[in-house]
Amino acid sequence: MLSLLSPWIDAAFGPGRIRGGVHAEEHKSATAALPIATDFPLPKRLYVPVQQHVGKPAEPVIKVGEHVLKGQLLAHSQGLVSAPVHAPSSGTIIDVNEYPAPHPSALPIRTIVLETDGKDEWQQHTLIADPFALSPEDISLRVGTAGIVGLGGATFPTAVKLNMGRENRIHTLLINGAECEPYLTCDDRLMRERAENIIDGVRIMLHGMETSRAIVAIEDNKPEAFAAMQAAALPYPQLTVQQIPTRYPMGWDRQLIRYITGMEVPVGSRSSEIGVTIHNIGTAYAVHKALRHGQPLVSRIVTVSGGAVVKPMNIEVPLGTLISDLFNFCHVRPDITARIVMGGPMMGDALPHINLPVVKATSGILALTQDELKSADEQPCIRCARCVSVCPAGLLPLDMANNIRNNQLDAAVDLGLKDCISCGSCSYICPSNIPLVHYFKYASGEVMARQQAQHKSEQTKRLMNDRNARMERIARQQQEEEAARLAAKAERERQKAEQEALV
Amino acid sequence: MMSAIKLKMSSGAHAGANITVNRIMVQVMLAIAPATALGLLCFGWPALNLFVITVLSAVLFEACCLRLAGRAAKPVLLDGSAILTGWLVAMTLPPWAPWWIGVVGSGIAIILGKQVYGGLGQNLFNPAMLARVALLISFPIEMTTWANVTPLFSAHAPNLAESWAITFSGIAGFGPIDATTGATTLGFVKTEFSQNRVLPGILSDYSGVLDFIGWTRGSLGETSALLLGLGGVWLIRKGVIQWHIPVALLATVTVLSGLCHWSDSQHYLSPFVHLNSGALICVAFFIATDYVTSPNTPAGQLIFGAGCGLLIFVIRTWGAYPEGTGFAVLLMNSATPLIDHYIKPRIYGRNRSGKPIEIDPGKQGRKS
């Protein structure tokens, strides 16, 4: 009966439909009204990890002691999915070694340490007169060598995405200006202040993907950004700027694709397979800088906010800046800081300390007070199903968590554990303060570890079987050889006997 | 300097909505408070005695169970769920019922209805309805003796001393049963039907308005369809409950009773009489919507609500009991795991059977 109803259901829930989500308290006003600070003092040292993107780590091409200029290549891209890393300022390389990564684990990651000389001197770069005269392939190439990755947080190499766009028939380039995470306003400020540059970047991307239509989507809690972007896009009929409702996680690429186009991306497929590609507005800005000014990605705009920050603001900082430098500049009060988060409060990562660098993925650094944190007082689930109604992926978080608690991971997988996007809506809404996403992340890791262990044991078993078969074969061969030898010997003796008999 | 501070580590979301279990319970209590207050006003001190006894014994039973289970009682009691359960049990009792009805009711609700399953969130059946049905079957006389409306401080109302006698020694001590009690509207209609009388003659004395307001015989907090309905709508507006169960339940009862009444208005009550019954409204908004014992998905909730409505109508119309809400809810409670098993949300990017959705060839991106 449900299948009879499904066309009707689909008709009722086509484009414009938002599934699940929460309206989280925004906390954006503290930083949204202030211009992006550009007076951040150049740090003495910059810690540039060689992996700030999805894919293979870049390989350093400089030596310790070498003097580099701003924008000079520090580490070379490796393989198909990778991105290079450039010097965020001029100075001397003083170390290439393992330093803690900006990740909850703070595990060491290969990092290039640059002692700045204070001159902030750019390397010579070749200006391009007209990017639209370049071939689309050339655009991708230049975007790739500029080290540009998805700046919304996913950090997927942008050039790879542009190439996939050309390989597929893309009808819509979506530009994500939703910025649905609370506290964060770096995209908002960028759109207000540099809308024309962003639009220019979008046009260059359209050219690079050979696509004819782009839609910029901005949540309706950013009317100033919307107005600025609309004005900047006005001369270009192939660009539309569209307001979308403010509802987290509107910026989840697949939610946005469904809202704008009415199409869903099948599980296991990329959005380009249904003709849509999505990029962040920060990425479009980086493309503009790379293609118009020849500048690689060496800085980004970071929102520093939270209840423990005395002077919250957006700052344009060189990549590799330590969070401690940011906190000194914004006067963060350590006495009331309960948690430090990289990213937004919904999906961001808690950091164990602040001697960690800003990387390409760092959209914000939050210093949150105890009052701003979700209570950790976990109570029994009352099956209120709020988690079900807010889940944008259509999962049953309460049942999944229950299975995981009982160590029935397979049952959780059957319920769709692998389709969880860790958006945090369920944890946010849960009245019993159950850390649902925590359960899901644990279970996903555990499932992967089990699969690897199983794979390993299967591998061992296969090798063992192969060895046994080989040994048997050798033994059989030896037996056969022995038998043949004996037969030959008997034959020889027989012939000898015959000859002797003849004689 | 920052590293000297103990930073808390956790997965997201780091922020949280301003909702707690306790707050939800308090909101539900606020929503049922007006109807309860009207009940206390209509039925006076004995009703208040029963209410207090029922709620206190619910809290006491909860504390004892937690102690037996070796758990800390205080944080669990503070979540307010035991008070709410006791409150809901009290609402469904005849207002002048003796003290032990309240105690036994709370005992059944808390011990058998909730704690034996493992406490909050684990039970299969709605504790208050389990208590009501168990009491109704075990003590049919006490559970169907309905006091007349004798407003607090009115001439016929029992004073404090008399109210103690009613609560602790029974109604008979206060006055002749026939003079102080009577039948509820639905009970009266059922009896009259059994004596082959027909509508609309049976209901010649019936005042729809008084019934709607709640100025009528009935359970302690279940007489006022108006106040219960307002409380329920407020809960929906506050986002505490979803609309699916109440709407499906009430719509089903309305449609079925409407059809029957339209085809034979002599033997079937009109939808208005059904909807005017406070018990139906109470169940629709406050009992059937119990999170723990109702389905998780909107579609499942619609099925659950419609099922409750169907069973209520069937029991009221053709069953032995004039009021079928308790049985209907318990039966549908037992179907909840089944509904949840079959009705699941569709996962993004997958079809209903869990396979990745197919790409529409007309819209696919791959260049051929």
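Protein chains in written order, with the working numbering: chain A, 505 to 1007; chain B, 222 to 589.
Positions of the beta carbon are idealized from the N, C-alpha and C atoms, including for glycine.
Is the separation between the beta-carbon of residue i and that of residue j shorter than 8 Å?
i: residue 530 of chain B; j: residue 448 of chain B; result: no
i: residue 586 of chain A; j: residue 661 of chain A; result: yes
i: residue 488 of chain B; j: residue 409 of chain B; result: no
i: residue 652 of chain A; j: residue 790 of chain A; result: yes
i: residue 592 of chain A; j: residue 816 of chain A; result: no
i: residue 253 of chain B; j: residue 452 of chain B; result: yes
i: residue 854 of chain A; j: residue 231 of chain B; result: yes
i: residue 723 of chain A; j: residue 682 of chain A; result: yes
i: residue 693 of chain A; j: residue 805 of chain A; result: yes
i: residue 403 of chain B; j: residue 445 of chain B; result: no
i: residue 776 of chain A; j: residue 674 of chain A; result: yes
i: residue 813 of chain A; j: residue 845 of chain A; result: no
i: residue 851 of chain A; j: residue 686 of chain A; result: no
i: residue 781 of chain A; j: residue 677 of chain A; result: yes
i: residue 684 of chain A; j: residue 755 of chain A; result: yes
What residues of chain B sit near residue i, judged by a beta carbon separation below 8 Å?
i: residue 758 of chain A; result: 569, 570
i: residue 842 of chain A; result: 228, 229
Let me check one thing: in DSSP terms, what residues is residue i bridge-paired to?
i: residue 563 of chain A; result: A:580
i: residue 855 of chain A; result: A:844
i: residue 817 of chain A; result: A:808
i: residue 863 of chain A; result: Bridge partners of residue 863 of chain A: none, in fact.
i: residue 601 of chain A; result: A:615
i: residue 747 of chain A; result: A:722
i: residue 596 of chain A; result: A:571, A:619
i: residue 783 of chain A; result: A:679
When we look at the beta-carbon of residue i and count the other beta-carbons within 10 Å, is it buried (16 or more) or exposed?
i: residue 545 of chain A; result: exposed
i: residue 362 of chain B; result: exposed
i: residue 896 of chain A; result: buried
i: residue 307 of chain B; result: buried
i: residue 246 of chain B; result: buried
i: residue 507 of chain B; result: buried
i: residue 667 of chain A; result: buried
i: residue 374 of chain B; result: exposed
i: residue 237 of chain B; result: buried
i: residue 297 of chain B; result: buried
i: residue 264 of chain B; result: buried
i: residue 557 of chain A; result: buried
Residue i versus chain A: which residues are under 7 Å apart at the beta carbon?
i: residue 231 of chain B; result: 854, 939, 942
i: residue 502 of chain B; result: Result: empty, since nearest Cβ-Cβ is about 22 Å, beyond 7 Å.
i: residue 342 of chain B; result: 884, 885, 886, 887
i: residue 578 of chain B; result: 768, 770
i: residue 241 of chain B; result: 935
Which chain B residues sit within Cβ distance under 7 Å of residue i?
i: residue 528 of chain A; result: 236
i: residue 479 of chain A; result: Outside the shown range of chain A (505 to 1007) lies residue 479 of chain A, about which nothing can therefore be said.
i: residue 1014 of chain A; result: Any question about residue 1014 of chain A goes unanswered here, given that chain A covers just 505 to 1007.
i: residue 920 of chain A; result: 568
Skipping 5 residues on each side, what residues in its chain have a beta carbon closer than 6 Å to that of residue i?
i: residue 243 of chain B; result: 300, 301
i: residue 477 of chain B; result: 534
i: residue 827 of chain A; result: 858, 860, 869
i: residue 619 of chain A; result: 549, 595, 596, 598
i: residue 547 of chain B; result: 350, 353, 354
i: residue 560 of chain A; result: 582, 583, 586
i: residue 503 of chain B; result: 443, 449
Given that residue i touches chain A, what residues does it touch there, using C-beta distances under 8 Å?
i: residue 566 of chain B; result: 892, 895, 898, 899, 900
i: residue 517 of chain B; result: 887, 889, 892, 900, 902, 903
i: residue 512 of chain B; result: 886, 887, 888, 889
For residue i and chain D, any beta-carbon pair shorter than 8 Å?
i: residue 556 of chain A; result: Chain labels in this structure do not include chain D; the protein chains are A and B.
Under 9 Å Cβ-Cβ, which residues of chain A neighbour residue i?
i: residue 558 of chain B; result: Those do not exist, as residue 558 of chain B stays about 11 Å from chain A at its closest Cβ, beyond 9 Å.
i: residue 467 of chain B; result: Here the premise fails: no neighbours, minimum Cβ distance about 15 Å.
i: residue 331 of chain B; result: Chain A residues near residue 331 of chain B: none, gap ~15 Å exceeds 9 Å.
i: residue 399 of chain B; result: Correct list: empty, because the minimum Cβ distance to chain A is about 45 Å.
Going by beta carbon distance, what residues of the same chain come within less than 8 Å of residue i, once the five residues before and after it are set aside?
i: residue 332 of chain B; result: 282, 286
i: residue 993 of chain A; result: none
Quick one: residues in its chain with C-beta nearer than 7 Å to the C-beta of residue i, no 5 flanking neighbours on either side, listed in chain order?
i: residue 900 of chain A; result: 892, 919
i: residue 511 of chain A; result: Since pLDDT at residue 511 of chain A reaches only 47, below the 50 mark, its modelled position is unreliable, and the value read off the structure follows with that caveat. Cβ within range, chain order: n/a, list empty.
i: residue 691 of chain A; result: 681, 683, 785, 786
Along chain B, in chain order, which residues have C-beta atoms closer than 9 Å to that of residue i?
i: residue 928 of chain A; result: 232, 233, 234, 235, 236
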